[in-house]
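Numbering (this note's numbering), first residue to last: 2 to 208.
Backbone N, C-alpha and C fix where the C-beta goes; we use that ideal spot for every residue, glycine too.
These numbers were taken from a predicted model, which means no experiment stands behind them.
For reference, the structure is listed below as structure tokens.
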């Protein structure tokens, strides 16, 4: 008797074995297992972020040392030395901020989401920044750190050789140009993806 129309599954020898399951390639389970292993491998990045936390703690100790040196010598230091000490503290602060950006944004983008709950102290940018924004924040922080180093070199121009000063300027220009190129490419890619979405959207019915 021919099978009825719409009957999509058959059993073999009345044992409830689905022919579609019997014909499924055995590589399906292996593929799913391989994909699960790759997905789990992202947790290997977690220790790297923990090491950055340790680096942040070390940076704090260095900042405390700089602050203590600044407080104990502020009355005997010259104006230029005071400015250099403050710039050193600003440099350490920017570096610490850069580490925090990498820790939180990198963890959320590559490992897992951080559940902040209803905490009012949770910075708003941490839940909104994507990989593109992470790159821009990184290059912006690097440019700021480079600018501070360059300003410190100009403040101590008598103790800085012309060769070192030239390389400070060259490196800073490279960072600035790199940041502009990254921002431009992100803008172009954003406009391209926005154009594709606009073309794929259904046309509004005419009245």
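Length of the line joining the Cα atoms of residue i and residue j
i, j, result
"residue 100", "residue 55", "10 Å"
"residue 141", "residue 28", "47 Å"
"residue 153", "residue 114", "39 Å"
"residue 41", "residue 30", "16 Å"
"residue 24", "residue 37", "Model confidence at residue 24 stands at a pLDDT of 49, short of 50, so the residue's coordinates are unreliable; what they give is reported in the following sentence. Cα to Cα, the separation comes out at about 23 Å."
"residue 161", "residue 189", "41 Å"
"residue 45", "residue 61", "26 Å"
"residue 17", "residue 121", "With a pLDDT of 48 at residue 17, under the threshold of 50, the predicted position of this residue should be treated as unreliable, and no value is reported."
"residue 1", "residue 65", "Residue 1 falls outside the range modelled here, since the chain spans only 2 to 208, and no answer is possible."
"residue 78", "residue 185", "44 Å"
"residue 178", "residue 171", "11 Å"
"residue 76", "residue 167", "33 Å"
Cβ-based neighbour list, residue i, same chain, cut-off 7 Å, excluding 5 preceding and 5 following
i, result
"residue 173", "147, 148, 151"
"residue 91", "149"
"residue 84", "156"
"residue 81", "156"
"residue 163", "none"
"residue 74", "none"
Whether residue i touches residue j by CB criterion (8 Å)
i, j, result
"residue 155", "residue 43", "no"
"residue 137", "residue 183", "yes"
"residue 158", "residue 180", "no"
"residue 86", "residue 71", "yes"
"residue 139", "residue 104", "no"
"residue 133", "residue 187", "yes"
"residue 93", "residue 63", "yes"
Residue i burial status per 10 Å Cβ neighbour count (16 or more: buried)
i, result
"residue 96", "buried"
"residue 32", "exposed"
"residue 89", "buried"
"residue 102", "buried"
Sequence-distant residues of its chain with Cβ nearer than 6 Å to residue i (five each side left out)
i, result
"residue 125", "none"
"residue 169", "151, 154"
"residue 176", "143, 144, 147"
"residue 50", "104, 108"
"residue 68", "none"
Same chain, Cβ closer than 8 Å to residue i, neighbours up to 5 away in sequence not counted
i, result
"residue 165", "154"
| said: List, from N- to C-terminal side, the alpha helix (DSSP H) runs of 4 residues or more that fit wholly inside the region 90-114. | reply: none
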